[in-house]
Amino acid sequence: MDRTPTPPREASDFEVGAAADRPVEAAGDVAGGVAIETRQLNLWYGDFQALFDVDLRIKQGIITSMIGPSGCGKTTLLRTVNRINERLGYVRTTGAVEVLGRDILAPEVEVVQVRRHVGMVFQRPNPLPLSIRENVLFGYRIHEPAARQASRGELDAVVEDALKTVLLWDGVKDRLNSRATALSLEEQQKLCIARLLPLKPTVLLMDEPCSALDPAGTEAVEELIWGLRGEYTFLMVTHNMAQARRASDECVFMLLGRVIEHARTDEIFVTPRHETTADYIEGRYA
Amino acid sequence: MTPTDMSRPADISTRQPDSAPHRARDDADRRGFDWYVDKAVQLIVFVGGISAIIFIFGIFIFVTREGVGFLFEGFDLVEFFTSPRWMPTSSSNPTYGAAALILGTASVTGLAMIVAVPFSLGAAVYIGEFATGRSRETLKVLVELLAAIPSVVWGFIGLSIMNSLIVRIFDVPVGLNVLNAGIILGLMAAPIMTTIAEDALRAVPDTYREAAEAMGATRWQVVWRVVLPASKNGLMAAVLLGVGRGFGETMAVLMATGHSINIPDSIFDSVRALTATIAAELGETAVGSEHYRALFTLGIFLFIITFLINLTADLVVRGTGDR
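Keeping their order, the protein sequence lines are chains A and B. If you count the first sequence from 1, position 20 lands on 20 in the working numbering, and the numbers rise without skipping. If you count the second sequence from 1, position 206 lands on 206 in the working numbering, and the numbers rise without skipping.
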């Protein structure tokens, strides 16, 4: 591990501690508040139950990684947090998912608003077949009424700001109007992060964000995510144990649709509390 | 490679026949049979594929040969394209002006596209992007069924139903006109355009939709800002093929246009289409006569137009592939 893990913002007794003072509404700047909370979350794909009574509290401003073998439900859980799961018509959910204290599964909640606040980055970089500039402005144009009257200069500022944040500006500033799909995979993935930023999301969901990238791209994107922590809450699915270890503050281990263990990354990798966690981390899980 | 490395595969291949000579021979025989089957199928498929091209060239050569005599002898290019006087049977002075026929076909096709484009693109977007599950499948089957209705049936609808409807609604003397044929042709072309347009929409990777939806775009925003721009070449091709269909359609326009030579100045004028002219007159002419060859010249003209439309559609689609 080349990066020193940041000191935990809250003591390791998060399992009891955080629940008591669950923040309401805009607790945005309370470090260590709970960004995502699931309670008794069950999920079915048709008749197949993919999640069982998931109770999780993801803390604000840090990077939480989710590990576990393929099919353990970590991507399903991730995709529940911005309800993109619902694209499949046959998904049924019970329980609650709260983002900053607001139940996003409540019937009166508009899914479009949920997704505005909970951005998602996919396994395979998926820039839209538009220009780089229009990719960054896509969400902004949809959600910001101001975007309609905004002058070119104001929009340019939005684009520049987002691209600078993801360290892409210098590479693409001269070709903002060329197609985003022509970028390298690493640049595409950075762009996919950049296009979420103008909406000022609270949570960024990352579904194996580096799995399509080469080692250099992986490092660059990991570094970028690491640099953005604090400002945003990250929930990241990864298959790569080393990545979870070096690039996350807390770690959730899932198995067969259940959360087995949730602890600080340095603890879970050194002194896992459950035997299955230890087995998986050591590579003994079959 | 070291010598020892090379010797290893050689060892295996020499040892094998010794250990199982019979099976080895069987294997060789079976491979031979498969090989012949493979070659035979390749040949059949090749002949099948090449024959399409041969037939098209054959048709082109035939049409050209029949019409080309007229092109060099009695043909007057200016008269052909500008004169509305198509009077091939005049005993004193037959004239061959196709302007009215060309305008007849163009006006009917143009109106047909005004009818068909919104219907077919709307249907394609609904089937491809909004409908789900069983309703989607049912709709697709229904649209394909519509495409299979014979054109004479459409012509019959134009002649019997639309005709009286137009007379009654618009209070015009004749209901067989540009409007009638345009609507009929539009409805005829819409199903095939819908099918092609829906294919174009389906070719848009779902990851685009997912990406846009994950950013909080509504269904319609996804369609409008992502899917339609991404599939515009395919949609363009669908429209062009619809135009080609309109140009080439014969029976329905013959029945619904009124079939009178006329440069239309309103949609309530009767017109005559190029195709309908050929269909109606060719049987009445003496083979090899000037009239006969003039009709083939119309055929060459139609052939060139539809060829260009289809070529454009093809190039437009290829444009999508490049990106």
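Ideal Cβ placement from N, Cα and C applies to all residues, glycine included. The structure presented is a predicted model; accordingly, all values stated were derived computationally and were not measured.
- Restricting attention to alpha helix (DSSP H) runs no shorter than 4 residues, the region 224–284 of chain B encloses them at 232–248, 251–256 and 274–281, ordered along the chain.
- Among the residues of chain B, those whose CB is under 9 Å from the CB of residue 142 (chain A) are 212, 215, 216, 217, 218, 221 and 225, following chain order.
- When DSSP assignments are scanned along the region 164–220 of chain A, the uninterrupted stretches of beta strand (DSSP E) that are 3 or more residues long and fall wholly within it turn out to be 203–207.
- The Cβ neighbour count for residue 173 (chain A), taken over all protein chains shown within 10 Å, is under 16; the residue is labelled exposed.
- Taking a C-beta distance under 8 Å as the contact criterion, residue 201 (chain B) and residue 129 (chain B) qualify as a contact pair.
- About 5 Å separates the CB atoms of residue 108 (chain B) and residue 182 (chain B); that is less than 8 Å, so the two are in contact.
- In summary, residue 45 (chain B) is exposed, with fewer than 16 beta-carbon neighbours lying within 10 Å of its beta-carbon over all protein chains present.
- If you look at residue 241 (chain A), you'll find it in the alpha helix (DSSP H) that goes 241–247.
- Under a criterion of Cβ atoms nearer than 8 Å, no residue of chain A is adjacent to residue 200 (chain B); the nearest Cβ is some 13 Å distant.
- Residue 271 (chain A) carries a coil assignment under DSSP once its states are collapsed to helix, strand and coil.
- Taking one beta carbon from each stretch, the region 248–256 of chain A and the region 264–279 of chain A have 3 or more pairs nearer than 8 Å; the two touch.
- About 20 Å separates the beta carbons of residue 218 (chain B) and residue 136 (chain A), which is beyond the 8 Å limit, so they are not a contact pair.
- Chain-order list of chain A residues neighbouring residue 207 (chain B): 122, 124 and 126, by C-beta distance under 9 Å.
- Note that the C-beta distance between residue 271 (chain B) and residue 264 (chain B) is below 8 Å.
- Straight through space, the alpha carbons of residue 163 (chain B) and residue 174 (chain B) are spaced by roughly 7 Å.
- Using a Cβ distance threshold of 8 Å, residue 51 (chain A) and residue 76 (chain A) count as a contacting pair.
- Residue environment for residue 40 (chain A): exposed (fewer than 16 other C-beta atoms within 10 angstroms of its C-beta).
- A Cβ-Cβ separation of about 6 Å places residue 130 (chain A) in contact with residue 180 (chain A) under the 8 Å criterion.
- Using beta-carbon distances, residue 82 (chain A) counts as an interface residue toward chain B, with a partner under 8 Å.
- If you keep only unbroken alpha helix (DSSP H) runs of at least 4 residues inside the region 95–180 of chain B, you get 99–125, 133–147, 151–157 and 163–170.
- For the region 128–140 of chain A, the set of residues with a beta-carbon nearer than 8 Å to any beta-carbon of chain B comprises 128, 129, 130, 138 and 139, in chain order.
- A Cβ of chain A is located within less than 8 Å of the beta carbon of residue 230 (chain B).
- Within 8 Å of the CB of residue 132 (chain B), the CB atoms of chain A belong to 89, in sequence order along the chain.
- For residue 112 (chain A), a Cβ of chain B is located within less than 8 Å of the residue's own Cβ.
- Its chain contains 272 as the residues whose beta carbon lies nearer than 6 Å to that of residue 278 (chain A), once the 5 sequence neighbours on both sides are disregarded; these appear in chain order.
- Going by beta carbons, residue 202 (chain A) and residue 35 (chain A) fall inside the 8 Å limit.
- Beyond the five residues adjoining it in sequence on each side, residue 148 (chain A) comes within less than 7 Å, by CB distance, of no other residue in the same chain.
- Taking all protein chains shown into account, residue 220 (chain B) has fewer than 16 neighbouring C-beta atoms within 10 Å of its C-beta and is therefore exposed.
- When the alpha-carbon of residue 104 (chain A) is set against those of A:82, A:91 and A:49, the nearest one is in A:82.
- Distances from the alpha-carbon of residue 160 (chain A) to those of A:195, A:120 and A:108 put A:195 closest.
- By the Cβ-count criterion, residue 64 (chain A) is buried, with 16 or more other Cβ atoms from all chains shown falling within 10 Å of its own Cβ.
- Only residues of its own chain outside the window of five on either side were considered, and among them 116, 139 and 143 have a CB closer than 6 Å to the CB of residue 199 (chain A), listed in chain order.
- Against residue 245 (chain A), chain B offers no close residue; the least beta-carbon distance is about 27 Å (beta-carbon pairs closer than 7 Å).
- One finds nothing in chain B with a Cβ atom closer than 8 Å to the Cβ of residue 92 (chain A); even the nearest lies about 16 Å away.
- For residue 57 (chain A), not one C-beta of chain B is nearer than 8 Å to its own C-beta.
- Residue 102 (chain A) has a beta carbon lying at 8 Å or more from every beta carbon in chain B.
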